[in-house]
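Each remark here refers to the structure printed beneath this line.
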Amino acid sequence: MQNIPLVRARYVYAYGAVLDQLGASKRRLLERAGLSERVYEDPEAIIPAHQAWGFIGSVADMEGIDDLGLVAGEVPIQEYGEFSKRLLQAPNLNQALESFCQLACCEYSRSDFYVSRSEHSTCFCRGPIDGSEVEKKHVELLVLTMMIATVRLAAGQDWQPRVVHLQTKDSSRVEQHHLFSRSMIHFGNEVTSFEVPQHLLAERLPELAPPADSIEYDPLEHEIPQALHLIVSELFVEGTPKIESVAEAVGASVRTLQRRLSEMNTTYSTVIETARMESAKRLLAHSDFTLKEIAHQLGYSDQPHFTRAFHRWTGISPRAYRQTR
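Numbering (my numbering), first residue to last: 90 to 414.
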């Protein structure tokens with residue numbers, strides 16, 4: 090069955106940071122991808138990869154940045170939130186590579202990282218990447234920087250792989266990048282890979298991170314309802330979002346979306362109701378909108394309908410809830 094790929098919002102952050110450096114506006118490109126600036130509120134938030142990849146492709150196309158993924162990947166490996174905290178608990182490089190492959194499933198639901206081993210070599214690999222050619226290139230380049238940065242924890246910050254195999258066929262501004270000044274690059278491969286020197290595998294990693302937080306951090310495969318809440322909440326102002334619009338936003342058919350929700354023991358109407366409740370609580374706690382304005386933003390015909398619904402959800406009135414915040 091077709092899955093709906095999901096990704097953490099932090100990867101939109103990375104590419105958006107490049108726009109900030111250029112002084113370019115993010116809003117227009119976010120809207121083109123069906124996202125809003127609310128995606129920047131929580132880097133751990135889960136969003137459809139279809140939208141994230143669309144944003145990345147738009148940034149590369151509209152701004153003409155041929156090495157966008159490499160520039161976005163200049164974020165230190167210690168700054169990828171919960172992923173980094175858990176990765177940096179590994180005692181040596183060998184275990185860090187294995188942890189990277191496992192933790193990546195909590196960052197992207199179609200993650201396909203693996204370590205290929207033989208008697209005399211160890212290769213760090215990333216399987217086929219989804220998206221258009223432009224999207225795939227810049228996603229691949231960012232994850233490659235993360236892979237190399239992980240090895241550098243043991244090898245030192247000047248280390249470079251001797252040979253790099255890339256899936257992209259577009260070499261524009263890649264070979265000239267300082268990350269590959271001593272590397273040979275082969276383009277148009279089935280997987281992304283480079284060899285890790287055997288003698289580095291047992292090297293201890295520096296203690297760079299505090300213990301990982303005891304928060305929920307699981308593979309994204311079953312987080313579709315959470316990812317839909319952000320999409321749905323942006324569409325309320327136009328009325329109750331139709332499932333066709335939401336399915337298009339996540340890059341799936343209506344039938345696929347309904348089946349995936351059924352597997353999660355939920356329904357589209359439940360997603361709508363939950364998104365309304367969370368949006369209402371957020372607006373009541375963090376905005377100065379009147380109750381009438383909030384009712385309108387959530388797609389209600391009038392304030393009394395909103396008040397009754399909120400009381401049904403929480404057991405108290407919107408006004409009483411706001412006073413407790």
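For every residue, glycine included, the Cβ atom is placed at its ideal position computed from N, Cα and C.
Roughly how many whole angstroms lie between the Cα atoms of residue i and residue j?
| i | j | result |
| --- | --- | --- |
| P407 | V253 | 57 Å |
| M90 | E224 | The predicted model places M90 with a pLDDT of 40, which falls under 50 and marks its position as unreliable; any figure quoted below should be read in that light. For M90 and E224, the distance between alpha carbons rounds to 24 Å. |
| M151 | P180 | 43 Å |
| T211 | Y203 | 10 Å |
| S368 | A122 | 21 Å |
| A360 | D247 | Residue identity check: residue 360 is Val in the sequence provided, not Ala. The straight-line gap from Cα to Cα measures roughly 48 Å. |
| F395 | M353 | 27 Å |
| D131 | T355 | 24 Å |
| L319 | A113 | 24 Å |
| V285 | P165 | 20 Å |
| E229 | N278 | 12 Å |
| S198 | S261 | 29 Å |
| F325 | E296 | 46 Å |
| F144 | E126 | 12 Å |
| L118 | V101 | 11 Å |
| Q287 | H209 | 8 Å |
| D259 | L233 | 15 Å |
| L231 | T363 | 34 Å |
| T403 | L124 | 28 Å |
| D109 | A336 | 30 Å |
| H375 | F283 | 47 Å |
| I315 | E120 | Correcting the residue identity first, residue 315 is Gln in this sequence and not Ile. Each residue's alpha carbon lies about 20 Å from the other. |
| V343 | Y129 | 28 Å |
| R371 | E333 | 26 Å |
| R175 | H227 | 25 Å |
| Q184 | R401 | 49 Å |
| H266 | E163 | 12 Å |
| G153 | P217 | 24 Å |
| L186 | A291 | 11 Å |
| Y389 | V263 | 51 Å |
| Y306 | S200 | 15 Å |
| S358 | R414 | 28 Å |
| I405 | F399 | 7 Å |
| L317 | E323 | 10 Å |
| E327 | M235 | 40 Å |
Going by the CB atoms, is the gap between residue j and residue i shorter than 8 Å?
| i | j | result |
| --- | --- | --- |
| L182 | L268 | no |
| R215 | T281 | yes |
| A244 | L294 | no |
| F213 | E196 | no |
| R397 | L373 | no |
| R365 | L387 | yes |
| I93 | A338 | no |
| S272 | R251 | yes |
| I274 | L255 | yes |
| G146 | S207 | no |
| P330 | V321 | yes |
| L177 | Q167 | yes |
| D377 | A384 | no |
Rounded C-beta distance between residue i and residue j? I'm assuming under 8 Å.
| i | j | result |
| --- | --- | --- |
| Y104 | A161 | 5 Å |
| A141 | D219 | About 11 Å; that fails the 8 Å criterion. |
| T239 | F189 | 6 Å |
| V148 | V96 | Going by Cβ atoms, the distance from V148 to V96 rounds to 15 Å, so no, they are not a contact pair. |
| G170 | R99 | 6 Å |
| I136 | E312 | Not really, about 10 Å apart at Cβ, beyond 8 Å. |
>> Report the start-end ranges of each beta strand (DSSP E) in the segment 188 to 219 that is 3 residues or longer and not cut off at the edges.
In response: Unbroken beta strand (DSSP E) stretches of 3 residues or longer found wholly inside the segment 188 to 219: 202 to 206, 211 to 215, given in chain order.
> Touching or not, the segment 347 to 356 and the segment 153 to 160, by the rule of three or more beta carbon pairs under 8 Å?
Replying inline: no
> In chain order, which beta strand (DSSP E) runs of at least 3 residues are fully inside the segment 112 to 184?
Replying inline: List check, beta strand (DSSP E) in window: 135 to 137.
> What runs of the beta strand (DSSP E), each 3 residues or longer, lie entirely inside the segment 221 to 247?
Replying inline: none
> At which residue ranges does the segment 255 to 293 contain complete alpha helix (DSSP H) runs of 4 or more residues, listed in the order of the chain?
Replying inline: none
>> Going residue by residue through the segment 373 to 414, where are the continuous alpha helix (DSSP H) segments of at least 4 residues, counting only ones entirely within it?
In response: 380 to 386, 392 to 403, 407 to 413
>> Please give the ranges of any alpha helix (DSSP H) in the segment 305 to 352, keeping only runs that are unbroken, at least 4 residues long and fully inside the region.
In response: 313 to 324, 332 to 339, 343 to 352
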